[in-house]
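Please read the structure below before turning to the comments.
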């Protein structure tokens, strides 16, 4: 399986979404993205495909796709199909304390389905509207709080016994990618990954390159540097950016940043003020 053969969707904001209503939905391809996606279906006859899973229904429902999960949804084009699609960056949810939001429930499932009653569906829809408004206002705090509330309310419905968690995999490399991203501040070595996923060194490197089109070293460097730049764009200090992205020292981070971006972190921060 080659992830490059599927459509990768990314968004410029760390949370947000859309509401749409129309005649069905045609999505003939599987796609994936590095964020959580919440699909709140209010009306329609639909079939959800996620890797090897196929789920068909005409009932309102909520689906949460974890990062790197391949999926597609098609709805009968002769009938009305209305839904919210909300995207939330993993980092947004990880900043919420575990005693407030158990993100593990969603991280451990490729897809989680919840079946809210009409009143619960209205509550979820209002939260989605507030996330969309927060995105339009560029209000990070409001968007993060409503995103956490959305996942909390979905988990309440699921834990009441109305729903199902699906664990489906097209390739273990999807899990490797998620593990690397979730543990970016730690020194995730090839040996660590081999032990965790029960594969040999050569096989992991070959499978990684086949799936991503990149070597592990380049992928990790791209991920670290992109995340470091995002952190500093949002006001993070140089030392915090280096710690968050797993560099052993600030000096090592500055050297790597200069080699990657052609400027030092200090020069980059200064450029943001111009």
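Residue numbers (the working numbering): 54 to 327.
Using N, Cα and C, we set each Cβ at its ideal position, and we do this for glycine too.
These numbers come from a predicted model, not from an experiment.
Residue from the options whose Cα sits closest to the Cα of residue i
i           : options               : result
residue 235 : 312, 317 and 297      : 297
residue 45  : 250, 313, 177 and 320 : The requested residue 45 is not part of the displayed model; the chain covers only 54 to 327.
residue 239 : 312, 153 and 300      : 300
residue 289 : 173, 322 and 152      : 322
residue 128 : 319, 99 and 275       : 99
residue 193 : 233, 156, 160 and 148 : 148
residue 237 : 137, 195, 274 and 182 : 274
residue 250 : 229, 65 and 304       : 229
residue 162 : 266, 143, 270 and 117 : 117
residue 166 : 190, 144 and 119      : 119
residue 287 : 253, 144 and 189      : 144
Contact under 7 Å by Cβ, residue i with residue j
i           : j           : result
residue 169 : residue 210 : yes
residue 70  : residue 139 : yes
residue 146 : residue 115 : no
residue 83  : residue 101 : no
residue 180 : residue 202 : yes
residue 205 : residue 158 : no
residue 121 : residue 231 : yes
residue 86  : residue 103 : no
residue 174 : residue 81  : no
Inter-residue Cα distance where the pair is residue i and residue j
i           : j           : result
residue 292 : residue 302 : 8 Å
residue 187 : residue 259 : 42 Å
residue 282 : residue 294 : 8 Å
residue 90  : residue 164 : 10 Å
residue 308 : residue 317 : 8 Å
residue 212 : residue 312 : 48 Å
residue 315 : residue 241 : 25 Å
residue 96  : residue 255 : 48 Å
residue 16  : residue 326 : One cannot answer for residue 16 here, as it falls past the ends of the chain, which runs 54 to 327.
residue 264 : residue 226 : 7 Å
residue 131 : residue 208 : 32 Å
residue 324 : residue 76  : 47 Å
residue 160 : residue 195 : 23 Å
residue 200 : residue 272 : 28 Å
residue 257 : residue 233 : 13 Å
residue 284 : residue 306 : 13 Å
residue 262 : residue 268 : 5 Å
residue 65  : residue 142 : 10 Å
residue 74  : residue 136 : 7 Å
residue 280 : residue 304 : 17 Å
The ligand HEM heavy atom lying under 6 Å from the CB of residue i
i           : result
residue 239 : In the structure shown, the ligand HEM is absent, as is every other ligand, since no ligand is present at all.
**Request:** Decide if the segment 101–118 is in contact with the segment 204–224; the criterion is three or more beta carbon pairs, one per stretch, under 8 Å apart.
**Result:** yes
**Request:** Report the residue ranges of all alpha helix (DSSP H) runs contained in full by the segment 268–327; include only those spanning at least 4 residues, in chain order.
**Result:** 269–286, 291–297, 303–314 and 318–326
**Message:** Quick check on the DSSP output: what are the complete alpha helix (DSSP H) runs of length 4 or more inside the segment 172–242, in order along the chain?
**Reply:** 193–212 and 225–235
**Asked** Fully enclosed by the segment 72–113, which beta strand (DSSP E) runs are 3 residues long or longer?
**Response** 89–96, 99–103 and 106–110
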